[in-house]
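One structure is given here, and the rest of the page talks about it.
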Amino acid sequence: MSLKLAVIPGDGTGPEVVREALKVLKTVAASEKLKYTLTEFDYGGDRYLKSGKVIDEAEIQGLRKFDAVLLGALGHPDVKPGILEKGILLRLRFDLDQYINLRPVHLYPGVDTPLKDKGPEHINFDVIRENTEDLYCGHGGIMRKGSPQEISTQEMITTRFGAERCLRYAFDYARMKKKTKKGKGKLTLVHKTNVLTFCGDTWFRAFNEIGEQDYPDIERDYNHVDACCMWFVKSPEFYDTIVVPNMFGDIITDLAAIIQGGLGVAAGGNINPEKGGVSMYEPMGGSAPKYTNLNVINPLAAIAAMGMLLQNTGAKKAGDRIDAAIKKVTPKMKSQSAGKMGYSTTQVGDLVCENL
Ligand code: IPM
Ligand code: MN
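With my numbering, letter number 264 in the sequence shown gets 437, and the count goes up by one each step, no holes.
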């Protein structure tokens, strides 16, 4: 097995956490007969400030040659919000058609959750967020800007095709979890069908039609997004696999990140599950500029992202071993927050390597 990996360390603490993820990759690869090549790209805020360039067509084409991408973080204090997010992250998600955003929400052993009386047995679900449609399409516009008659619109776009491919991935995921005894075979659709009677209807009908026809073994459930936020806090054990459109998915996965112990441990994948598709894995925690180069940031989210990358790119066992090693390290740490871990960034990386 040989993997061609692209690495975008990005901004702020991105390079520091990526370094630890690559250290863990190196260690696990040695004992798994896993060969790989790494090619680093300097896309991000610093390059933008120097050259005015975010990412161009040729560079995106270049990424298509890789088996997967590891991204550190994007976001620079001197770059106006939106430029790097839209110009790089969202551009890559759209152009590489990474239509699944997979966010495992598992409370690791010994990690503090703000939820009273909840442990790893309660906070143990996966969110599958549609990653290319909805309010993220950028349809809309602004008229008479700056005047009292200003009008702006931003449209929610749902296609049957987009909802269906995401739903099928989610049903397959729930089925795979059931088969491997990692889940109970339940899929919850989260939307707001009582108000969004057009987009919600497309999702709801597709969910039930596909479920009834092709996944009778998977229990279907539905929650409104506002209620889902409440249940995340009150009874997270209620969930097994969740499928959700883009914007609501963005919001509930941040809430989910906090109940799983914070951005220091939360990882995600932007996945194109098609044959030859290029997926990109990332820690959820942003570039945290104030901690840059202090060796205090938590690298576990980036290490977990590397684990996900391997699990989904043909090296499942290596990825599973990373996940298992993380679970041995978290109980030793004082906290998952930057500067409070009881270890430095590099020491946490070393600990994961020792526990592989
Ligand atoms: C995320 C982020 C992005 C999103 C931003 C940075 C554009 O919040 O990955 O959840 O909204 O999807
Ligand atoms: Mn987000």
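Don't be surprised by glycine CBs; every beta carbon is placed ideally from N, CA and C.
| query | How many Å lie between Gly459 and Pro250 at the Cα? | reply | 12 angstroms
| query | Should Asp229 be counted as a contact of ligand 2 given a C-beta to heavy atom distance under 6 angstroms? | reply | no
| C-alpha gap between Ala532 and Ile324, whole angstroms | Because the chain here runs from 174 to 529, residue 532 falls outside it and cannot be looked at.
| Hey, out of Ile301, Leu280, Leu211 and Thr353, whose CA is closest to Pro418's CA? | Ile301
| request: Look at Leu280 and Pro293 and say whether their C-beta atoms are less than 7 angstroms apart. | output: yes
| message | In this structure, how does DSSP classify Ser517 when only helix, strand and coil are distinguished? | response | coil
| Using the beta-carbon count (16 or more within 10 Å), is Arg317 buried or exposed? | exposed
| field | Where Ser204 falls: helix, strand or coil (DSSP) | value | helix
| query | Just to confirm, does Asp423 get its C-beta within under 6 angstroms of one of the non-hydrogen atoms of ligand 2? | reply | yes
| Do you know whose CA, among Lys259, Leu195 and Ser204, lies nearest Gly218's CA? | Lys259
| query | Just the Cα atoms here: how many angstroms apart are Ile296 and Glu306? | reply | 28 angstroms
| task | Go ahead and pull the three-state DSSP assignment for Arg276. | result | strand
| said: Which residue marks the beginning of the alpha helix (DSSP H) containing Gly480, and which one marks its end? | reply: Leu473 to Asn485
| field | Ranges of the alpha helix (DSSP H) found wholly within the region 416-448, counting only runs of at least 4 | value | 419-432
| message | Tell me the rounded alpha-carbon separation between Leu236 and Glu447. | response | 16 angstroms
| Can you check whether the CB of Ile444 is closer than 7 angstroms to the CB of Ile273? | yes
| message | Can you determine whether any heavy atom of ligand 1 sits closer than 6 angstroms to the C-beta of Glu205, and answer yes or no? | response | no
| request: Go through its chain and collect everything with a Cβ distance to Leu288's Cβ below 6 angstroms, but skip five positions before and after it. | output: Ile432
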